[in-house]
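A short write-up of the structure that comes next.
Protein chains in written order, with the numbering used here: chain A, 65 to 383; chain B, 30 to 299; chain C, 21 to 266.
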């Protein structure tokens with residue numbers, strides 16, 4: 065186990081280095097792409113925690129990031145006179161936590177195939193809501209013109225793509241480190257146990273429901289964070305952000321990247337975001353391509369890239 | 030009633046085979062579109078119906094054979110992902126082939142007009158849909174509960190090895206059940222054409238409806254699906270007229286309540 | 021001291037009465053076997069006692085407390101541990117991780133988000149002391165799914181033991197084991213400290229009669245008889261059930 069940790073440190077250092085340096089040299093288009101990759105990475109990793117680590121197949125992930133985004137949008141454009149970043153972000157995160165708390169109560173009582181179906185249904189329902197709220201939430205047109213956070217204490221103009229990238233990067237680091245701590249902690253290990261055998265965990269004395277509920281909310285907050293980052297990036301929020309396509313994309317990122325590894329889904333996020341951008345410039349049929357990739361991944365890479373890498377490293381480090 | 034139809038396909042495959050065909054809505058849509066085109070081309074409503082049912086029956090078989098029966102589809106997660114793949118592909122395909130504008134299937138002359146029952150004016154077509162739904166419901170109920178084949182299917186689900194041992198070709202049976210489910214979806218899609226229309230996004234709406242019905246009514250239970258469908262239909266209409274702002278909530282709320290009280294649905298088997 | 025009391029316990033599944041008005045008292049320190057033909061309700065009884073199922077009627081008292089409505093995980097905290105007939109372990113985790121998870125359960129910091137598990141000082145020595153007697157310490161880095169079946173069965177019991185239970189419910193501990201493995205298992209169970217009460221289900225008569233001081237026979241959801249191994253062996257109805265089944 066020890067030998068490959070060195071390789072890992074090196075790899076991490078290299079990647080971090082690249083992430084810090086590249087925006088200085090790449091054209092703005094690519095910086096924007098990198099920003100998206102980081103945002104999606106947070107989103108995908110948070111899904112990995114409940115899917116890959118805890119074994120809960122949640123298909124309603126987009127509900128979390130969409131709700132946080134809407135709160136930010138509403139506050140930013142409709143309510144506040146001037147941008148108040150701490151308030152917007154705090155409210156957004158709080159709202160996604162509340163949504164997760166409510167969903168959790170409804171959904172965690174179900175078993176088996178019901179769970180994913182239900183999360184899907186709840187998410188679809190939530191998606192329909194902004195359409196009804198035309199005055200408040202912009203209906204089908206969404207809320208355009210969201211301004212990026214104005215940070216008064218550091219005079220940093222976030223309307224520049226590059227600057228905004230670094231802003232997201234900071235949150236990305238914070239979120240990733242936090243998520244790593246969580247999965248390595250006793251709580252995180254308990255999640256693994258829950259994934260493997262809930263009944264065993266019950267017999268050992270763990271309040272399984274409580275664990276699942278807590279992590280569901282925590283994950284919702286991380287997803288909300290990603291959603292807030294996205295909405296500031298696009299200066300827009302609309303029902304599309306609640307659309308199941310995002311949940312599906314995140315799921316694909318997790319499965320392709322390797323559930324249960326954290327770095328895998330981040331990698332998956334990068335790959336899919338990149339692919340999406342390239343393919344979308346040639347054809348409008350990105351959803352179809354996603355569908356095909358889904359099928360290919362299930363057929364050929366069921367464990368995902370991340371797990372394949374992990375297995376490879378483990379084999380290498382054994383004499 | 031329409032809602033019932035489209036829910037039956039889902040509840041059938043889910044209940045009998047423990048496979049959640051999430052692409053259900055997609056089959057509804059695809060079936061509807063195919064039927065629409067055929068009907069348009071040939072000018073015959075019934076040909077359209079047959080075409081949609083037949084083509085989706087084959088489509089369902091293909092999907093089952095090609096995807097769900099494979100070794101890599103053993104786990105639930107894999108099945109779900111495959112369904113998603115299908116959903117995405119079909120949805121985009123329909124957009125591509127039929128464009129973004131809603132299509133309306135034309136009711137055949139035979140069914141136009143309305144009936145007056147006392148003070149209620151009922152479009153004749155809707156009545157037809159109700160009747161068809163009822164016929165299918167009865168047929169399924171009879172089939173599931175009373176015939177030899179129904180018993181075979183249930184046995185196959187309960188204990189696959191035993192069934193195989195007795196010589197029942199369980200694979201064929203499952204294939205047929207699955208395709209029946211998808212064909213039902215297509216049928217609903219085509220029949221629903223004149224009422225709901227066909228447009229991009231309808232696959233998702235239909236899926237949501239079907240899920241809600243199944244959740245409320247209980248998995249695998251036809252009567253549950255019936256009750257659930259009627260319930261939802263009523264709530265939907267009430268909700269839309271009384272609280273147009275909260276139409277979504279009116280679907281959400283009963284589902285939430287049922288879940289809180291009886292997670293396996295009103296008639297479901299625990 | 022009455023450790024466990026079951027009063028008029030029944031469990032219905034739809035129309036089937038899996039357990040029918042079962043009552044018994046288990047004293048502390050006992051070694052009792054539950055035997056009975058298939059379908060007699062033995063595992064259902066265990067599920068009832070451990071909290072996986074709620075009884076349709078009846079009361080369960082553990083250490084004087086009414087635990088009838090208590091969820092399974094709380095019973096574990098009180099000191100009730102069980103093993104499963106079908107091996108129920110954390111298959112993709114290593115042996116060590118399995119044991120650590122089990123030890124962690126009784127600790128207050130299991131909700132902690134911060135401390136990395138493997139560096140926890142208190143737990144590793146305990147894990148070692150639990151695994152060594154069963155010759156499993158060397159195998160601690162092996163994933164459970166790669167263990168032999170016999171080792172997996174042993175790990176089931178180790179996990180239950182790591183909970184420091186007062187009552188240990190063993191569900192067919194020797195099922196599927198070779199005779200050599202069975203001998204090892206039996207001697208390990210015999211060597212269990214006397215302050216742990218053991219209630220076990222067994223299909224292997226020799227094992228049951230050897231390990232138990234008291235044997236309880238279940239048949240069709242009811243307690244047929246309770247007595248010492250000799251009494252049970254010579255009980256005419258018991259003989260009829262078992263011989264008649266052949």
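Don't be surprised by glycine CBs; every beta carbon is placed ideally from N, CA and C.
Contacting residues, own chain, Cβ-Cβ under 7 angstroms from residue i (five flanking each side not counted)
i	result
residue 229/A	87, 95, 98, 99
residue 235/A	289, 293
residue 147/A	140, 211, 213, 214
Interface residues of chain C facing residue i [CB-CB closer than 9 angstroms]
i	result
residue 283/A	What residue 283/A touches in chain C: nothing, since even the nearest Cβ is about 13 angstroms away.
Cross-chain neighbours of residue i in chain B, by beta carbon under 7 angstroms
i	result
residue 125/A	In chain order: nothing, as chain B lies at least about 13 angstroms away.
residue 352/A	117, 118, 121, 122
residue 319/A	110
Neighbouring residues, chain A, relative to residue i (Cβ below 7 angstroms)
i	result
residue 169/C	Here the premise fails: no neighbours, minimum Cβ distance about 17 angstroms.
residue 96/C	267, 268, 269
residue 70/C	267
residue 173/C	Within 7 angstroms Cβ-Cβ: nothing; residue 173/C doesn't reach chain A, min ~14 angstroms.
residue 111/C	260
residue 210/B	Ordered by position in chain A, no residue passes the 7 angstroms Cβ test against residue 210/B, which lies about 15 angstroms from the chain.
Nearest candidate by alpha-carbon position, reference residue i, set the options
i	options	result
residue 31/C	40/C, 23/C, 25/C	40/C
residue 189/C	62/C, 36/C, 246/C, 142/C	62/C
residue 153/A	260/A, 371/A, 286/A, 111/A	286/A
residue 68/C	167/C, 236/C, 232/C, 27/C	27/C
residue 119/B	133/A, 356/A, 170/A, 137/A	356/A
residue 233/A	196/A, 317/A, 82/A, 132/A	82/A
residue 308/A	209/B, 116/B, 130/B, 213/B	116/B
residue 246/C	116/C, 94/C, 43/C	43/C
residue 88/B	210/B, 240/B, 230/B	210/B
residue 37/C	262/C, 257/C, 240/C, 250/C	240/C
residue 131/A	305/A, 84/A, 377/A, 334/A	305/A
residue 86/C	163/C, 167/C, 22/C	22/C
Cross-chain neighbours of residue i in chain A, by beta carbon under 8 angstroms
i	result
residue 127/B	Simply none; closest approach about 14 angstroms.
residue 233/B	188, 308
Three-state secondary structure assigned by DSSP to residue i
i	result
residue 208/A	strand
residue 86/C	strand
residue 236/C	strand
residue 308/A	helix
residue 220/C	strand
residue 245/C	strand
residue 263/A	helix
residue 371/A	helix
residue 214/A	coil
residue 197/C	coil
residue 232/B	helix
residue 106/C	coil
residue 39/C	strand
residue 299/A	coil
residue 267/C	Chain C is shown from 21 up to 266; residue 267/C falls before or after that span and cannot be answered.
residue 146/A	coil
residue 121/B	helix
residue 13/C	Residue 13/C lies beyond the residue range present for chain C, which begins at 21 and ends at 266; the question has no answer from this structure.
residue 160/A	helix
residue 326/A	coil
residue 347/A	coil
residue 222/A	coil
residue 365/A	coil
residue 211/C	coil
residue 253/C	helix
Same chain, Cβ closer than 6 angstroms to residue i, five either side skipped, listed in chain order
i	result
residue 257/A	265
residue 242/C	40
residue 177/C	103
residue 179/C	122
residue 81/B	60, 63, 64, 215, 219
residue 85/B	56, 60, 211, 212, 215
Cutoff 8 angstroms; reference residue i; Cβ partners in own chain excluding five residues on either side
i	result
residue 90/A	98
residue 332/A	108, 316, 317, 318, 319, 320, 321, 322, 368, 369, 370
residue 248/C	233, 234, 235
Contact list for the stretch 250-277 of chain A against chain C, Cβ threshold 9 angstroms: Hits within the stretch, in order: 250, 251, 252, 253, 254, 256, 257, 259, 260, 261, 263, 264, 265, 266, 267, 268, 269, 270, 271, 272, 273, 274, 275.
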